[in-house]
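Chemist:
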Amino acid sequence: MAIPKKTGSAIIIAKIAGTRIFDKITINVINEEVEDLYEIVINPETDYVLQGKNQQFSVFLYKNGIKQNNNITFMNITENIPIEKYSIVVDDGNHFTVHNFGMFMDSPIKIKCICDSLFKEFEIKLRGLY
Numbered sequence: 136m137a138i139p140k141k142t143g144s145a146i147i148i149a150k151i152a153g154t155r156i157f158d159k160i161t162i163n164v165i166n167e168e169v170e171d172l173y174e175i176v177i178n179p180e181t182d183y184v185l186q187g188k189n190q191q192f193s194v195f196l197y198k199n200g201i202k203q204n205n206n207i208t209f210m211n212i213t214e215n216i217p218i219e220k221y222s223i224v225v226d227d228g229n230h231f232t233v234h235n236f237g238m239f240m241d242s243p244i245k246i247k248c249i250c251d252s253l254f255k256e257f258e259i260k261l262r263g264l265y
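Here this note's numbering runs 135 ahead of the position in the sequence shown, where the first position is 1.
#1: So, for residue 189: in the same chain, excluding its five sequence neighbours on each side, which residues have a beta-carbon less than 6 Å away from its beta-carbon?
#2: At 3 residues or longer, and completely inside the region 146–216: list those beta strand (DSSP E) runs for me, N to C.
#3: Going along the chain, which residues of its own chain have a beta-carbon closer than 6 Å to the beta-carbon of residue 210, five neighbours each way excluded?
#4: As a quick exercise: from 239, 174, 187, 242, pick the residue whose alpha carbon is nearest that of residue 102.
#5: Decide yes or no for the touch test of the region 169–184 against the region 250–261: beta carbon pairs closer than 8 Å, at least 3 of them.
#6: For residue 156, which residues in the same chain have their Cβ closer than 8 Å to its Cβ, ignoring the five residues on either side in sequence?
#7: Just curious, the beta strand (DSSP E) that residue 232 is in, first and last residue?
#8: So, with DSSP's three-state summary, where would you put residue 247?
#9: Near residue 245, what residues of its chain come up, given a Cβ to Cβ distance below 7 Å and the 5 sequence neighbours on each side ignored?
What follows is the structure in C-alpha cells.
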C-alpha cells in the first residue's frame, strides 16, 4: 500500500520557449490508501523466433512501474511440439533463451513465468526463415 506523507495540491505548468504555447495541470494528493500494482513484464515483446536463431527474453517483476530484483521461475508448458524443434535454456533468474531448430507453426511454445503468487503465460512461435 502507498500512503502519502502529506496531502495537498500542486500546479505544474509547461511552456515551450519562444512561443505562447503552454499547458498546466493540477495534481491533488489525498489521504487514501492505494493498492500496489504488480506486473510481470517480458522483453522483447517479439512473439516468435526465426528458424536457426536464438532469442533471449528478459522477465522482471514491476511494482508500481518500478523494476524489482525478484527471481522469476520459468515453466515450459508447451504441448504438441516435437522437442527436437526447439530448446529453452534458463540463463538466470530473469532471463531465458529459446533456440528454434526448425519451423513448427501448428502451435506455439508456451512459457509460464511465475513470481510469488503472480504469473504470466507467454507464447512464442517457431517461424521459418522469415
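Built from N, CA and C at the ideal position, the CB exists for glycine as well.
Modeler: Short version:
#1: Against the sequence shown, residue 189 aligns to sequence position 54. The beta carbon of residue 189 lies closer than 6 Å to those of 232, 234 in the same chain, with the five residues before and after it left out.
#2: Listed in chain order, they are 157–164, 173–178, 189–198, 208–211.
#3: Reading the sequence shown from its first residue, position 75 is the one you call residue 210. 247, listed in sequence order.
#4: Because the chain spans 136 through 265 in this model, residue 102 falls outside it and cannot be assessed.
#5: Under the 8 Å Cβ criterion, the region 169–184 counts as touching the region 250–261, having at least three qualifying pairs.
#6: Your numbering for residue 156 matches position 21 in the sequence shown. Excluding positions up to five away in sequence, the list reads 150.
#7: Position 97 of the sequence shown, counted from the start, is the residue given in the question as residue 232. It spans 230–235 - the beta strand (DSSP E) in which residue 232 sits, taken as one unbroken run.
#8: Residue mapping note: residue 247 aligns to position 112 of the sequence shown, counting from 1. Strand at residue 247.
#9: Residue 245 sits at position 110 when you count from the first residue of the sequence shown. Around residue 245: 212, 213, 256, 258.
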